[in-house]
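In the working numbering, the protein residues as written are 12 to 147.
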């Protein structure tokens with residue numbers, strides 16, 4: 012299945028541990044940055060939504076580390092999206108560009124807080140509607 016969004020990123024040297032591979036926590040940064048770029052590609056701003064009292068927060072993650080990324084590796088970070096109730100579920104994959112090897116896979120579930128309380132987030136529903144309708 013094709014992805015809704017893809018971006019190319021590069022490993023920076025300070026993201027690697029003593030073993031010379033990307034520290035596991037940095038994959039979470041990559042996936043979050045990809046989600047923010049995806050939002051931006053749809054004409055929305057994570058920061059602006061926050062200023063308006065609407066925050067998408069991670070509720071649950073399922074992570075699979077498949078192959079290591081190393082310093083200076085370029086990689087393709089991809090995502091798909093579905094909605095279940097009040098949850099937005101992102102399926103995110105990271106591929107090492109040099110050999111197209113799957114390096115990381117995540118299922119990230121987000122919920123929205125409106126003025127600090129769990130709620131359906133109409134702004135996010137409106138932003139994601141065009142892409143969610145394509146996946147049905």
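A virtual CB, placed ideally from N, CA and C, is assigned to each residue, including glycine.
Have a look at the options and flag the residue whose alpha-carbon is nearest the alpha-carbon of residue i.
i	options	result
residue 79	136, 37, 13	37
residue 95	64, 62, 143, 112	143
residue 13	25, 108, 103	103
residue 18	30, 32, 34, 43	43
Excluding sequence positions up to five away, which residues of its chain have a Cβ less than 8 angstroms from the Cβ of residue i?
i	result
residue 68	121, 122, 123, 124
residue 139	53, 92, 94, 99
residue 126	64
residue 34	26, 27, 28
Buried or exposed: where does residue i fall if 16 or more other Cβ atoms within 10 Å of its Cβ makes it buried?
i	result
residue 105	buried
residue 88	buried
residue 15	buried
residue 129	exposed
residue 45	buried
Run through the DSSP bridge pairs and tell me what residue i is partnered with.
i	result
residue 142	Per DSSP, none; premise fails for residue 142.
residue 99	94, 121
residue 129	124
Below 6 angstroms CB to CB, which residues in the same chain sit around residue i once its five sequence neighbours on both sides are set aside?
i	result
residue 100	93, 120
residue 114	77, 78, 80, 105, 107
residue 149	Past the boundaries of the shown model lies residue 149; the chain is included only from 12 to 147, so the question cannot be answered.
residue 73	118
residue 66	124
Residues in its own chain within less than 7 angstroms of residue i by CB, not counting five upstream and five downstream?
i	result
residue 57	47, 50
Contained beta strand (DSSP E) runs [length at least 3] in the segment 21-90, N- to C-terminal order: The qualifying runs are 65-76.
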